[in-house]
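K.L.:
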Amino acid sequence: MNSGQVHSGLIIVDKPQGWTSHDVVGKLRRLAGTRKVGHAGTLDPMATGVLVVGINRATRLLTYIVGTSKTYTATIRLGQSTVTDDAEGEITSQNSAAALSSEQIRGVIRGLTGAIEQIPSSVSAIKVNGQRSYARVRAGEEVTLKSRPVTIHRFEVHNIRHVNGGTLQDIDVTVECSSGTYIRALARDLGDRLGVGGHLTVLRRTQIGPYSIDGASTLEALASDLSLLGIDEAARALFPNRELTASEALDLSHGRRIAAGNDDTAGPTAAFAPDGTLIALLEDRNDDARPVLVFAPGNGGST
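Residue numbers (our numbering): 112 to 414.
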């Protein structure tokens with residue numbers, strides 16, 4: 112889509128290093144010529160990779176994308192701790208990691224896999240008494256956040272190598288995790304459990320929900336061709352699907368309930384008209400399916 116009216120849809124961005132997620136949204140607002148732009152799941156400026164951006168009506172899908180599982184490739188450095196738990200922060204302690212064996216490292220990683228309790232990094236966007244945690248830390252305050260349950264579905268080691276004359280070790284990993292997981296905190300905890308400290312030096316998000324880096328575009332490419340994943344296609348990938356009859360589609364387009372589906376799907380279902388148009392997100396309640404969000408033309412605002 113090079114010119115003219117920009118319709119609703121998702122843009123799967125390959126975020127460059129050094130850009131904030133807000134920077135990317137600002138850039139796409141200018142390219143799309145609309146203020147109705149938002150993103151699903153913040154990436155730190157140091158991180159690269161998949162940032163899902165919604166345009167116009169597709170911003171209504173973002174809240175559902177935020178809660179999906181995510182996959183990252185990362186490099187963890189053992190032997191150094193930093194104030195931010197990543198390479199952007201000042202080093203706060205340094206210990207030799209030379210004596211750590213691969214078996215020791217992999218054993219601790221196994222203990223950080225599955226359902227765990229994680230204390231988020233203090234330099235995070237979590238609010239403490241109405242103020243962002245990172246703002247309190249930068250003001251000189253010592254902040255300790257409460258632990259939260261997260262799930263590490265996969266914590267796979269690809270390579271372990273000695274660096275800095277052998278005193279530090281870098282570990283290349285893939286992490287697949289639940290929403291709300293901090294990979295920086297995972298690096299910190301790995302180093303702490305090994306007794307040498309640790310922090311994140313590289314982070315790249317390769318997947319969020321059904322949207323992967325294979326379908327992502329750079330900002331340079333988007334500047335010349337603002338390609339959108341249409342709202343119908345985006346919803347088909349994100350939710351269980353229900354195909355409607357013409358009369359069901361008409362009822363839903365006016366916000367009326369229809370008969371419940373025949374499956375036990377938990378959470379919203381994307382309901383499509385016979386021509387493939389997304390009509391609404393549905394939730395079954397007893398014998399009825401009620402519309403949670405209606406996207407049908409004439410009920411959702413701008414295209």
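Built from N, CA and C at the ideal position, the CB exists for glycine as well.
What is the DSSP secondary structure of Ala-391, reduced to helix, strand or coil?
P.N.:
Position 280 of the sequence shown, counting from 1, holds the residue named residue 391. Correct three-state label for Ala-391: strand.
K.L.:
On the CB-based measure, 16 or more other CB atoms within 10 Å of its CB, does Gly-277 come out buried or exposed?
P.N.:
Within the sequence shown, numbered from 1, the residue matching residue 277 stands at position 166. The residue is exposed, with fewer than 16 neighbouring Cβ atoms inside 10 Å.
K.L.:
What are the boundary residues of the beta strand (DSSP E) that Lys-181 is part of?
P.N.:
Locating residue 181 in the sequence shown gives position 70, counting from the first residue. Segment 181-189, the beta strand (DSSP E) holding Lys-181.
K.L.:
Counting Cβ pairs closer than 8 Å, one from the segment 278-286 and one from the segment 189-199, do we hit at least three?
P.N.:
Taking 8 Å as the limit for Cβ pairs, the verdict is that the segment 189-199 does touch the segment 278-286.
K.L.:
Would you identify the three-state DSSP class for Tyr-293, choosing helix, strand or coil?
P.N.:
Walking along the sequence shown from the start, residue 293 turns up at place 182. Three-state DSSP puts Tyr-293 in coil, outside helix and strand.
K.L.:
Would you tell me roughly how many angstroms separate the C-alpha atoms of Gly-341 and Gly-120, rounded to the nearest one?
P.N.:
Along the sequence shown, one-based indexing puts residue 341 at 230. Along the sequence shown, one-based indexing puts residue 120 at 9. Cα to Cα, the separation comes out at about 4 Å.
K.L.:
Can you confirm whether the segment 330-341 touches the segment 195-210 when touching is taken to mean that 3 or more C-beta pairs between the two stretches lie within less than 8 Å?
P.N.:
Counting Cβ pairs under 8 Å, fewer than three are found: no touch.
K.L.:
Taking Cβ to Cβ, would you say Leu-355 is nearer than 8 Å to Ala-382?
P.N.:
On the sequence shown, position 244 is the one that residue 355 refers to. On the sequence shown, position 271 is the one that residue 382 refers to. A contact, by the Cβ cut-off of 8 Å.
K.L.:
On the DSSP bridge assignment, give the partners of Glu-267 in chain order.
P.N.:
The residue you call residue 267 lines up with position 156 of the sequence shown. Beta-bridge pairing links Glu-267 to Thr-285.
K.L.:
Should Asp-398 be labelled buried (16 or more other beta-carbon atoms within 10 Å of its own) or exposed?
P.N.:
The residue given as residue 398 occupies position 287 in the sequence shown. Asp-398 comes out exposed.
K.L.:
Does the count of Cβ pairs from the segment 305-317 and the segment 152-167 closer than 8 Å reach three?
P.N.:
Enough Cβ pairs lie closer than 8 Å, so yes.
K.L.:
Asp-125: which of Ala-345, Arg-316, Gly-366 and Ile-176 sits nearest, CA to CA?
P.N.:
Counting from 1 along the sequence shown, the entry for residue 125 is found at position 14. The option with the nearest alpha carbon to Asp-125 is Arg-316.
K.L.:
In three-state terms, what does DSSP make of Glu-199?
P.N.:
Here residue 199 refers to the residue found at position 88 when the sequence shown is read from its first residue. Residue state, collapsed to three classes: coil.
K.L.:
How big is the Cα-Cα spacing for Ala-371 and Asp-395?
P.N.:
Here residue 371 is taken as the residue at index 260 of the sequence shown, counted from 1. Here residue 395 is taken as the residue at index 284 of the sequence shown, counted from 1. So the two alpha carbons sit approximately 5 Å from each other.
K.L.:
Name the DSSP beta bridge partners of Arg-272, please?
P.N.:
What you label residue 272 is simply residue 161 of the sequence shown in a count that begins at 1. In the DSSP output, where bridge partners are listed per residue, Arg-272 has Asp-281.
K.L.:
Please report the Cβ distance between Val-284 and Val-268, rounded to the nearest whole angstrom; I am assuming they are in contact, meaning their Cβ atoms lie under 8 Å.
P.N.:
By one-based count along the sequence shown, residue 284 stands at place 173. By one-based count along the sequence shown, residue 268 stands at place 157. Right, their Cβ atoms sit about 6 Å apart.
K.L.:
I need the straight-line Cα distance from Leu-256 to Pro-127, nearest angstrom please.
P.N.:
Here residue 256 is taken as the residue at index 145 of the sequence shown, counted from 1. Here residue 127 is taken as the residue at index 16 of the sequence shown, counted from 1. Approximately 29 Å between the Cα atoms of the pair.
K.L.:
Assuming Gln-229 is part of the alpha helix (DSSP H), what are its boundary residues?
P.N.:
Translated into the one-based positions of the sequence shown, residue 229 becomes position 118. Where Gln-229 is concerned, there is no enclosing alpha helix (DSSP H), although the beta strand (DSSP E) it sits in stretches over 225-229.
K.L.:
Starting from the C-beta of Thr-182, find all residues in its chain whose C-beta is less than 6 Å away, skip the five residues before and the five after it, and write them out in chain order.
P.N.:
Sequence index remark: in the sequence shown, residue 182 carries index 71 (1-based). Answer for Thr-182: Glu-287, Thr-317 and Gln-318, listed in chain order.
K.L.:
Helix, strand or coil for Val-194, going by three-state DSSP, please let me know.
P.N.:
Within the sequence shown, numbered from 1, the residue matching residue 194 stands at position 83. Looking at Val-194 - three-state DSSP - the assignment turns out to be coil, as it is neither helix nor strand.
K.L.:
Could you name the residues that DSSP lists as bridge partners for Gln-215?
P.N.:
Working through the sequence shown from its first residue, we reach residue 215 at position 104. Gln-215 is not bridged to any residue.
K.L.:
Using alpha carbons as the reference points, say which of Gly-144, His-133 and Leu-330 lies closest to Ile-123.
P.N.:
If you number the sequence shown from 1, residue 123 lands on position 12. That would be Leu-330, whose Cα lies nearest to the Cα of Ile-123.
K.L.:
How is His-118 classed by DSSP in three states: helix, strand or coil?
P.N.:
Here residue 118 is taken as the residue at index 7 of the sequence shown, counted from 1. Residue state, collapsed to three classes: coil.
K.L.:
I believe Pro-402 touches Leu-389 by the beta-carbon criterion, under 8 Å. Please report the beta-carbon distance rounded to the nearest angstrom.
P.N.:
Numbered from 1 along the sequence shown, position 291 holds the residue referred to as residue 402. Numbered from 1 along the sequence shown, position 278 holds the residue referred to as residue 389. Pro-402 to Leu-389, Cβ: 12 Å. No contact.
K.L.:
I need the straight-line Cα distance from Arg-367 to Gly-152, nearest angstrom please.
P.N.:
Residue 367 sits at position 256 when you count from the first residue of the sequence shown. Residue 152 sits at position 41 when you count from the first residue of the sequence shown. In a straight line, the C-alpha of Arg-367 is about 32 Å away from that of Gly-152.
K.L.:
Should Asn-397 be counted as a contact of the ligand PLP given a C-beta to heavy atom distance under 7 Å?
P.N.:
Ligands displayed in this structure: none; no statement on the ligand PLP is therefore possible.
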